[in-house]
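Taking it in order: structure first as structure tokens, then the write-up.
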Amino acid sequence: MSVDTLLTFDSLYKSVGVLGIQYSEQAKALKGKDVRLRGYMAPPLKPESKFFVLTREPVAVCPFCASDAQWPVDIVVIYLRDTLAPVDFSRRIEVVGTLEMGSWTDPKTGFVSQVRMVNAKVSRL
Amino acid sequence: MLFKPSFLTLAVCAAVLSVPCAAQTIFPLTRADILAGSHFDFKVEFASVVDAAQVKVTINGQDYTKVLGKSAELIAREDGKEVSSLMLHDASISKPGQYTVTATDGKTSTSVIWSVYGTTAKRVAKNVILFIGDGFSIGHRTAARILSKGIEGGKYTAKLALDDMPYMALLSTQGTDSIITDSANAAHAYTTGHKSCVNALGVYCSRAASTLDHPKVETITEIAKRRGMAVGTVTNSEIEDATPAAMVAHTRRRSDYNDIVKMFYDSKIDVMMGGGSPNFLPKSTPGSKRSDDVDYIERFKQADYKIAITKSEMLAAADDAKTTKLLGLYNTGNVDGALDLKFLKKGSVSRFPDQPDVPEEMRAALQVLSRNKNGFVLMVESARIDKYSHSMDAERAIYDTIMFDSAVRQAKEWAKAHGDNTLILVTADHGHAVSVIGTVNDDEPGTEMRNKVGTYAEAGFPNYPAPDAEGYPNKVDVSRRLRLTFGAYPDYYDTFRPFMDGEFVPTLRNADGVMVANEKYKNIPGAVLREGNLPNKGARGANSGVHSGDDVVLTAMGPGADKVHGQMENTDLFRVMAEALALAPQAKVADAKVQKK
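Those protein sequence lines, which keep their order, are chains C and H. If you're matching positions, the first sequence starts at 40 in this note's numbering and goes up one per residue. If you're matching positions, the second sequence starts at -4 in this note's numbering and goes up one per residue.
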């Protein structure tokens, strides 16, 4: 898949405020299109093969991470096309997938996400 | 599970039945101290499905309904499992004394002992301010004192405000499940007077499947609100985090943030401030972490709360004489700590440039809460002493300790100017394994950082600049700096210097699931790989420093503070507050005698 548009966590949002996030015009224009995004895979809450959370910085200090409670607010949820091979959580990765925005509740896990990349593939940088 | 099986349980099983003992578990657990008149859930868990006709529960030999005033529900198959339970919500006992509770299913019998206590009739304190330095340990205290007071002639030039108090005690922090506590059951001990287990808030830890179905005990918020007092909690963590949540929450799992927001709302707590806004936003709002469409910002507004999302808004709201309820949310995550907020401008300061620090939050809270003529209870938390000690970021932990002390100093000034009738308690919820062991001197020869560490006489004195008015040196990366070490750690690169670009991230999980040192720090000149002494694999794998089971220090002043002395259980702190506020007043002989005199 050759995808030219490289989004960044910074270019995804116009603002991140106490009362909510505003998407950038660029991100809104790319909704439904294939994009690339680089970040770090957050350690999954339970073993998941096709679903993970991509964060701007490595997620490390979270001694009581039994839930999503302490994940940063600007996460992107990745739904993979295929099963994922193990990833080093300290290595930056690139994800290619179709950008989705808007609240969505995963019927299997109940996990609510705001920004997703679906049908995604992961590569190491 | 109790560390020590109930003596009574064993005695009854062994002596009377001589069969394998699968005894009942009774909540509150044995040796509970219960404030007279406070509410608690009474639960008996049987080891199997029981015959209702065979179940007998007595309190001091009487049928339990006579003492508790109502009947419990017998749940034949709790959570669909082959076990029965007896559950009675909102029980209370008004008469102080010792109560022996015995439950039998016709086969085995278990007893526990509760001690119900009253308080003096005369309330000595109008207000209580409870300061919690999360993870605040002796090492932090000493380090903060060195940086913000300095030493002359071998003596500190002045005392920390939190040291300069007439009463002091050591508090033990262990819980019902472990010698090591977390911030949930630790704060719960202070706000309820009951012991509990790791991750639990406002409940005993039972076998209930749902985190919200465990036997509850009342918090100081519920008790004080019932008496017409105002209540507040301010912090620089997310407001849903364990310590502030302990003021209102009843859940077995501290990470139930969305439920905890509802509990804050239902509690009608008057002032709450911190970070953690996403759990207040309906899921349809981008940036929300809720799983429903309830807009808690709107609900709080409709319940007459002023909402502040910046320091400026907070100050304006507090100054408005009509403000009696205030919700302040200043960050999506934690509010930035003092070193970033005031000096380095790292962390999330660029995104949230107008956040208050903890002393500023506290002053605003005091303005609002003191509008209630019946007095108030306020919890003030410096949360990131703990968070930065987990991440082994010594300087950030020390600066937040200085901030904590600044808040205490300002509270003392406030109390003095407002009638000297405020009980001030300053403590930690648990420790970290931190110690001041010397200094690091860049001017020592060579490149090996460990050989620049000065101990004993070679430690000398660090060369931080004189502190500013709030007690902070305005430069942290000095050439001769404090060496605060962490005794329990995962693999990490020890850099022997402060982290000027943002909080330290010591350890990450690799592709094999092993916790490894974060290589980001590998090439910092002089960095040394420390092989951790904590588990690095599986569920026990640690990616940060851990809590210690060391006792914590409690210092106290003001009316009622004289009860603070010696070595105490952390739950005794609740009793000190209850006594000072006369939360279970007894028309006692002792009081009558005093009046006659």
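Here a beta-carbon is modelled for each residue, glycine too, at the ideal position from N, C-alpha and C.
Which term fits H/Met495, buried or exposed, when burial requires 16 or more other beta carbons within 10 angstroms of its beta carbon?
-> exposed
Under a CB-based cut-off of 8 angstroms, is C/Asn48 close to chain H?
-> The residue you asked about is not Asn; residue 48 of chain C is Phe in the sequence shown. No - not a single Cβ of chain H is within 8 angstroms of the one on C/Phe48.
Quick one, which of H/Ser87, H/Asn55, H/Asp36 and H/Val44 has its alpha-carbon nearest H/Asp30's?
-> The amino acid occupying residue 30 of chain H in the given sequence is Leu; Asp does not appear at that position. Ranking H/Ser87, H/Asn55, H/Asp36 and H/Val44 by Cα distance to H/Leu30 puts H/Ser87 first.
Quick one: give me the first and last residue of the alpha helix (DSSP H) that H/Trp409 is part of.
-> Ala389 to Ala412
Contacts around H/Pro206, its chain only, beta-carbon distance under 7 angstroms, and the 5 residues preceding and following it disregarded | According to the sequence provided, residue 206 of chain H is Thr. The question's Pro does not apply to it. Answer for H/Thr206: Thr246, Arg247, Arg248 and Asp251, listed in chain order.
Could you work out which residues of chain C lie near H/Ser283, taking near to mean beta carbons separated by less than 8 angstroms?
-> Gly59, Ser142, Val151 and Gln153
What in chain C is Cβ-close to H/Tyr151, meaning under 8 angstroms?
-> Under the 8 angstroms cutoff, chain C gives no residues; its nearest Cβ is about 32 angstroms from H/Tyr151.
So, helix, strand or coil for H/Asp208, using DSSP?
-> coil
Which term fits H/Ala10, buried or exposed, when burial requires 16 or more other beta carbons within 10 angstroms of its beta carbon?
-> Since pLDDT at H/Ala10 reaches only 43, below the 50 mark, its modelled position is unreliable, and no value is offered.
Endpoints, the alpha helix (DSSP H) within which H/Val62 is located | Tyr59 to Leu63
Look at the alpha carbon of H/Thr434 and the alpha carbon of H/Ile397, and state the distance between them as a whole number of angstroms.
-> 19 angstroms
Which residues, in chain order, does the stretch 129 to 140 of chain C contribute to contact with chain H at a C-beta distance below 9 angstroms?
-> Ser129, Arg130 and Met140
Same chain, Cβ closer than 6 angstroms to H/Thr99, five either side skipped, listed in chain order | Lys51
Note down, in chain order, every chain H residue with its Cβ under 7 angstroms from the Cβ of C/Asp127.
-> Asn505 and Ala506
Is there at least one Cβ from chain H nearer than 8 angstroms to C/Val112's Cβ?
-> yes
Quickly, what does DSSP pair H/Ala86 with across the bridge? List them, please.
-> H/Phe35
Test: H/Leu276 CB closer than 8 angstroms to a CB of chain C | yes
Residues bridged to C/Ile60 [DSSP beta-bridge criterion] = C/Val55
H/Lys150 bridges to which residues according to DSSP?
-> H/Glu147
Can you tell me which of C/Val92, C/Gly136, C/Asp127 and C/Ile60 puts its alpha carbon nearest to the alpha carbon of C/Leu46?
-> C/Gly136
By Cβ distance below 6 angstroms, which residues in the same chain neighbour H/Pro161 in space, the five residues on each side in sequence not counted?
-> Met552
Kindly list, in the order they appear in chain C, the residues whose Cβ is closer than 9 angstroms to that of H/Gly170.
-> Per Cβ cutoff of 9 angstroms: no residues; H/Gly170 is ~15 angstroms from chain C at best.
Cα-Cα separation, H/Val256 to H/Gln405 = 29 angstroms
Does the beta-carbon distance from H/Phe371 to H/Leu324 come in below 8 angstroms?
-> no
Based on the DSSP output, what are the partners of C/Trp143 in its beta bridges?
-> C/Ser152
Where do the ends of the alpha helix (DSSP H) carrying H/Glu453 lie?
-> Tyr451 to Ala454
Could you say which of H/Lys447, H/Ser430 and H/Ile432 lies nearest to H/Asp438 if we only look at CA atoms?
-> H/Lys447
Can you tell me whether H/Arg445 is buried or exposed, with buried defined as 16 or more other CB within 10 angstroms of its CB?
-> exposed
7 angstroms Cβ cut-off: residues of chain C touching H/Thr246 | Within 7 angstroms Cβ-Cβ: nothing; H/Thr246 doesn't reach chain C, min ~12 angstroms.
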